[in-house]
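Only one structure is covered here, and it is reproduced in the block below.
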Amino acid sequence: MKILVTIHENDVAARFDLATEVLIAEAIEGRILGEPRIILLPRASGDELCGLSVKEDVSIVICGGVEGAHFEYLIWKKITVFDGIIGPYSEALDWVLAGRLKNGTILPGSR
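Just so we're on the same page, my numbering is the position in the sequence shown counted from 1, plus 6.
Next up, the structure:
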């Protein structure tokens with residue numbers, strides 16, 4: 007499965023539609039395969055992030071806040087969305103792989 011995390015510096019980006027950087031990791035059986043990719047986007051756009059998620063065949067999106075239309079589109083495309091996540095993106099990845107991440111999670115390493 008592929009996981010997309012919207013990021014800002016070392017944290018999950020606060021807003022899906024304002025993110026200009028994403029991390030895409032591939033995982034099997036709770037482990038990351040290889041090195042995750044970081045993609046810099048030319049501009050912030052929720053529509054483009056939705057398109058990237060579909061193009062990359064992402065199974066899970068982890069983000070901060072997300073507008074209803076983008077959330078509904080991702081769900082319609084059968085992508086699981088964990089929103090309202092606050093804290094370091096590396097912890098968010100660890101938690102989702104361990105099956106512990108829930109919507110609205112404030113991770114221990116958050117500032």
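Cβ coordinates follow ideal geometry from the N, Cα and C atoms, glycine included.
Since we're looking at a predicted model, the values are computed, not measured.
- Between G110 and G90, the gap from beta carbon to beta carbon is short of 9 angstroms.
- In this structure the segment 30-37 does not lie against the segment 77-88, because fewer than three pairs of beta carbons, one per stretch, are closer than 8 angstroms.
- CA-to-CA, the gap between R37 and G74 works out to about 30 angstroms.
- DSSP, reduced to helix, strand and coil, places D63 outside both helices and strands of the structure shown, so it counts as coil.
- Annotated three-state conformation of L99 is helix, per DSSP.
- Distance from I66 to I9 at the Cβ level is roughly 5 angstroms; contact confirmed, criterion being Cβ atoms closer than 8 angstroms.
- In this structure L55 touches F22 by the C-beta definition: roughly 6 angstroms separates them, less than 8 angstroms.
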